[in-house]
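In the working numbering, the protein residues as written are 70 to 207.
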């Protein structure tokens, strides 16, 4: 084996030793953070209506369905996700905002699973059918 081959081999091995601890401590993807709802069931969210969710590390979920503020507690275990009772303010809303909020609240009650692909969070029902798609907004 040539001297260059030995040097390259040692360099690659050293790099592997340096990266391994970093990979071992990498945080798994989680829903923690702020998210914009972009799809509700098989319909795109209304662009003029802002429906958002924020997942905190302690399981608290806050946000808006499109008009009213909402709050719930999420239980997350692996790819399973469920919401406790969802509470919200009750301001009068009209048109697209009310329709979207109603759809968001209905879909949130069906959520049983989640997965994340980079800056996209997908919430799905017990059959793993997508109910909400969100994009990172923080």
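Think of the CB as a built atom: it goes at the ideal place given N, C-alpha and C, for glycine as much as any other residue.
Here residue 148 is exposed. Its C-beta has fewer than 16 other C-beta atoms within 10 Å. In this structure residue 187 is exposed. Its beta-carbon is surrounded by fewer than 16 other beta-carbon atoms within 10 angstroms.
DSSP places residue 105 within a strand segment (E or B) once states are collapsed to three. DSSP places residue 186 inside the beta strand (DSSP E), whose first and last residues are 182-186.
Taking a 10 Å sphere around the C-beta of residue 197, we find fewer than 16 other C-beta atoms and assign the residue as exposed.
Secondary structure at residue 153: coil, using DSSP grouped into helix, strand and coil.
Annotated as proximal: residue 109 and residue 201, with beta-carbon spacing under 8 Å. For the options 120, 139, 154, 189, the alpha carbon positioned closest to that of residue 99 is the one of 189. The beta carbon of residue 121 sits closer than 6 Å to the beta carbons of 105, 132, 133 from its chain, once the five residues preceding and following it are set aside; these are given in chain order. Taking residue 137 as the centre and dropping the five residues before and after it, the same chain places the C-beta of 157, 158, 159, 160, 162, 170 closer than 8 Å to its C-beta, in chain order. Residues of the same chain with a CB within less than 7 Å of the CB of residue 204, apart from the 5 flanking positions on each side, are 104, 105, 107, 188, 189 in chain order.
Residue 164 carries a helical assignment under DSSP once its states are collapsed to helix, strand and coil. Taking a 10 Å sphere around the C-beta of residue 125, we find fewer than 16 other C-beta atoms and assign the residue as exposed. Checking the DSSP bridge columns, you'll see residue 193 partnered with 182, 199.
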